[in-house]
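A.B. asks:
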Amino acid sequence: MQSVRDHIITKLLIRMIPWLITFAAIYFAFRDVDWQVFFGNLKTANLLYILCAIVLTIISYFLRSYRWVFLFPKQNISFYDSAKVLFLGFFMNNILPARTGELVRAHFGAKVTKNKRTHVLGTIASERLADGLTISVLFTLFGFHLGSSKDLDAMLYISIFFAVIVTAVLIVLAFRNQVFSLIEVLASKTNRKVGHYASDRIKTFIDSLSPLCSFRTAPRIAIWSLSIWIIELFVYWFVSHAFSAQLELSMCVLFLAAVNFSSLIPAAPGGIGVIEAVASAVLVSAGVDKELALPMVMVQHIIQIIVVGIPGAWVMSQWKISKNEIEEASDA
């Protein structure tokens with residue numbers, strides 16, 4: 053009885069952490085804001101530029117859907133199914149805490165492709181690595197000299213992290229057979245059933261990363277990743293110009309990197325508050341007024357939520373996905 057109660061308390065505390073992070077972030081994001089100037093900036097936003105940002109965001113998500121096809125080793129998912137599952141996954145990220153929408157995406161991706169969920173989760177990990185590395189390269193080339201040293205150091209560490217992880221993945225894939233042999237040896241020293249299950253899942257996950265080092269698919273993935281993030285970069289350009297901020301492309305790279313790196317923080321659904329706090333702070337450190345930076349970040353965030361929310365909700369309705377199935381997928 054005591055152990056059950058301790059388990060429930062531990063689970064509740066773990067679930068509270070993202071919300072505590074979010075509430076703290078909201079406080080820091082909106083403290084000391086001159087609300088008159090803030091709302092004045094919102095009122096003067098150029099709706100045509102915002103519409104352009106929305107259109108480009110939609111295009112970028114369809115390109116992500118096309119790229120995801122090539123992240124499957126056997127490419128056994130259609131573009132149509134890829135788009136539906138991808139939009140559903142990003143939609144779930146906006147209504148579930150700590151980016152657990154990725155688990156929901158893996159669950160339904162497995163149902164569509166008849167692959168193991170671990171396999172689909174590996175393709176999503178490949179996608180995150182490709183995105184992280186592309187953003188890191190753009191940031192290092194164009195945005196590294198902007199902002200405060202503290203903010204830049206933090207983003208540089210994240211860029212280095214992605215570079216190290218990608219390098220490690222490529223090394224593991226290059227010596228895959230040796231790694232598999234080592235896994236088998238370790239599995240044999242544990243409980244037979246548990247060891248076999250764990251080794252099977254690990255090998256499945258590693259195999260699913262193989263398109264990243266394939267001479268046939270890796271160049272395509274790189275080209276599509278670069279295309280996606282160049283389009284996203286112009287989303288940030290249009291958002292900044294909608295508020296007459298007139299940010300140069302190098303500043304837009306900083307804006308893009310700050311938003312996307314901050315979205316990695318395990319916060320409440322959709323990264324609400326955390327993205328606003330971190331990205332606006334980075335822009336302020338680069339010389340943008342807080343009352344201007346905050347509306348820019350908020351509008352970009354709202355665009356992303358709407359663009360994935362509408363089709364994601366439609367897919368959820370079409371597939372008649374229940375709340376219990378979502379909870380089962382996100383808790384697994």
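With this note's numbering applied, the sequence shown corresponds to residues 53 to 384, in that order. In this text, a Cβ means the ideal position worked out from N, Cα and C, and glycines have one as well. Every value quoted in this text rests on a predicted model; they were computed, and no experiment measured them.
Going by CA-CA distance only, name the one from K63, L148, L140 that's closest to G323.
C.D. replies: Here residue 323 refers to the residue found at position 271 when the sequence shown is read from its first residue. Shortest Cα-Cα distance from G323 to any of K63, L148, L140 involves L148.
A.B. asks: With DSSP run on the structure shown, which of helix, strand or coil describes L266?
C.D. replies: Here the question's residue 266 lines up with position 214 in the sequence shown. The sequence shown places Ser at residue 266, not Leu. The answer is coil: DSSP assigns S266 none of H, G, I, E or B.
A.B. asks: Is the segment 173 to 182 touching the segment 115 to 124 in the sense that three or more CB pairs, one from each, lie closer than 8 Å?
C.D. replies: yes
A.B. asks: For the alpha helix (DSSP H) holding G322, just list the boundary residues, first then last.
C.D. replies: Counting from one through the sequence shown, the residue named residue 322 turns up at place 270. Per DSSP, G322 belongs to no alpha helix (DSSP H) and is neither H nor E.
A.B. asks: Please report the residue range of the alpha helix (DSSP H) in which Q356 lies.
C.D. replies: Position 304 of the sequence shown, counted from the start, is the residue given in the question as residue 356. Following the DSSP letters along the chain, one finds Q356 inside the alpha helix (DSSP H) bounded by residues 342 to 370.
A.B. asks: Once you ignore the five residues that flank V349 on each side, which residues in its own chain have a CB closer than 6 Å to its CB?
C.D. replies: Taking the sequence shown and counting its residues from 1, the one referred to as residue 349 is at position 297. Result list for V349: E328, A331, S332, in chain order.
A.B. asks: Kindly indicate the opening and closing residues of the alpha helix (DSSP H) around N145.
C.D. replies: By 1-based counting over the sequence shown, the position of residue 145 is 93. Unbroken alpha helix (DSSP H) run through N145: 131 to 145.
A.B. asks: Using the rule of at least 16 other Cβ atoms within 10 Å of the residue's Cβ for burial, across every protein chain shown, is K342 buried or exposed?
C.D. replies: By one-based count along the sequence shown, residue 342 stands at place 290. Buried.
A.B. asks: Could you give the DSSP three-state label for F227: helix, strand or coil?
C.D. replies: What you label residue 227 is simply residue 175 of the sequence shown in a count that begins at 1. Three-state DSSP puts F227 in coil, outside helix and strand.
A.B. asks: Can you tell me the Cα-Cα spacing of I362 and P318, whole angstroms?
C.D. replies: Taking the sequence shown and counting its residues from 1, one reaches residue 362 at position 310. Taking the sequence shown and counting its residues from 1, one reaches residue 318 at position 266. Answer to the nearest angstrom: the Cα atoms are 23 Å apart.
A.B. asks: Is it the case that the segment 111 to 119 contacts the segment 267 to 283, given that we only count it when at least three CB pairs across the two stretches are under 8 Å?
C.D. replies: yes
A.B. asks: Taking the straight line between their C-alpha atoms, what separation do you get for Y249 and K255?
C.D. replies: Here residue 249 refers to the residue found at position 197 of the sequence shown. Here residue 255 refers to the residue found at position 203 of the sequence shown. Looking at the two C-alpha atoms, the distance is approximately 10 Å.
A.B. asks: Q298: which of S240, A97, S277 sits nearest, CA to CA?
C.D. replies: Against the sequence shown, residue 298 aligns to sequence position 246. The shortest C-alpha separation from Q298 is found at A97.
A.B. asks: Return the first residue and the last residue of the alpha helix (DSSP H) that V164 is part of.
C.D. replies: Mapped onto the sequence shown, residue 164 falls at position 112. Segment 153 to 165, the alpha helix (DSSP H) holding V164.
A.B. asks: Taking just the CA atoms, how far does R151 sit from D383?
C.D. replies: By 1-based counting over the sequence shown, the position of residue 383 is 331. By 1-based counting over the sequence shown, the position of residue 151 is 99. Cα-Cα distance, rounded: 12 Å.
A.B. asks: Which residue comes first and which comes last in the alpha helix (DSSP H) that contains V121?
C.D. replies: As a first step, residue 121 is located in the sequence shown; it is residue number 69 there, counting from the start. Element bounds for V121: 99 to 122.
A.B. asks: Compare the C-beta of A239 against all C-beta atoms of chain B and say whether one is closer than 8 Å.
C.D. replies: No chain B appears in the structure shown, which is made up of a single protein chain.
A.B. asks: Is it buried or exposed for L138, if we count other Cβ within 10 angstroms and need 16 for buried?
C.D. replies: The residue given as residue 138 occupies position 86 in the sequence shown. Flag for L138 reads buried.
A.B. asks: If you measure between the beta carbons of T170 and F257, is that distance less than 8 Å?
C.D. replies: Sequence index remark: in the sequence shown, residue 170 carries index 118 (1-based). Sequence index remark: in the sequence shown, residue 257 carries index 205 (1-based). For T170 and F257, yes; Cβs fall inside 8 Å.
A.B. asks: What distance in whole Å lies between the Cβ atoms of L140 and R119, which are believed to be in contact at a cut-off of 8 Å?
C.D. replies: Taking the first residue of the sequence shown as 1, we reach residue 119 at position 67. Taking the first residue of the sequence shown as 1, we reach residue 140 at position 88. 17 Å between Cβ atoms; not a contact.
A.B. asks: Using only alpha-carbon positions, find the residue among S314, F214, A294 that is nearest to K95.
C.D. replies: Translated into positions along the sequence shown, residue 95 becomes position 43. Residue A294 is the option with its Cα nearest to K95.
A.B. asks: If you compare alpha carbons, which of I275, V287, E236, A226 is closest to L103?
C.D. replies: Along the sequence shown, read from residue 1 onward, the residue named residue 103 stands at position 51. Per the Cα distances, V287.
A.B. asks: Sorted by chain position, which residues of the same chain lie with C-beta nearer than 6 Å to S260's C-beta, five sequence neighbours on each side aside?
C.D. replies: Within the sequence shown, residue 260 is the residue found at index 208, counting from 1. So the list reads H171, G174, T175, once near-sequence residues are dropped.
A.B. asks: Can you tell me which of the three DSSP states N128 falls into?
C.D. replies: Numbered from 1 along the sequence shown, position 76 holds the residue referred to as residue 128. DSSP places N128 in coil when its eight states are reduced to three.
A.B. asks: Can you tell me whether M368 is buried or exposed, with buried defined as 16 or more other CB within 10 angstroms of its CB?
C.D. replies: If you number the sequence shown from 1, residue 368 lands on position 316. With 16 or more Cβ atoms within 10 Å of its Cβ, M368 is classed as buried.
A.B. asks: When the distance is taken between beta carbons, is A105 closer than 8 Å to V291?
C.D. replies: Here residue 291 refers to the residue found at position 239 when the sequence shown is read from its first residue. Here residue 105 refers to the residue found at position 53 when the sequence shown is read from its first residue. Yes, Cβ-Cβ distance for V291 and A105 is below 8 Å.
A.B. asks: Counting C-beta neighbours from all protein chains within 10 Å, is the total for R116 16 or more, i.e. buried, or is it exposed?
C.D. replies: If you number the sequence shown from 1, residue 116 lands on position 64. R116 should be labelled buried.
A.B. asks: Could you tell me whether the segment 180 to 197 touches the segment 299 to 307, where touching means 3 or more Cβ pairs closer than 8 Å?
C.D. replies: yes
A.B. asks: Taking L385 and C265 to be in contact with their CB atoms under 8 Å, please state how far apart those CB atoms are, rounded to whole angstroms.
C.D. replies: Because the chain is modelled from 53 through 384, residue 385 falls outside the range shown and cannot be assessed.
A.B. asks: Consult DSSP for V330 and reduce its assignment to one of helix, strand or coil.
C.D. replies: As a working note, residue 330 is residue 278 in the sequence shown. Here V330 sits in helix by DSSP.
A.B. asks: How is the alpha helix (DSSP H) around S251 delimited, first residue to last?
C.D. replies: Translated into positions along the sequence shown, residue 251 becomes position 199. From DSSP, the alpha helix (DSSP H) with S251 extends over 244 to 260.
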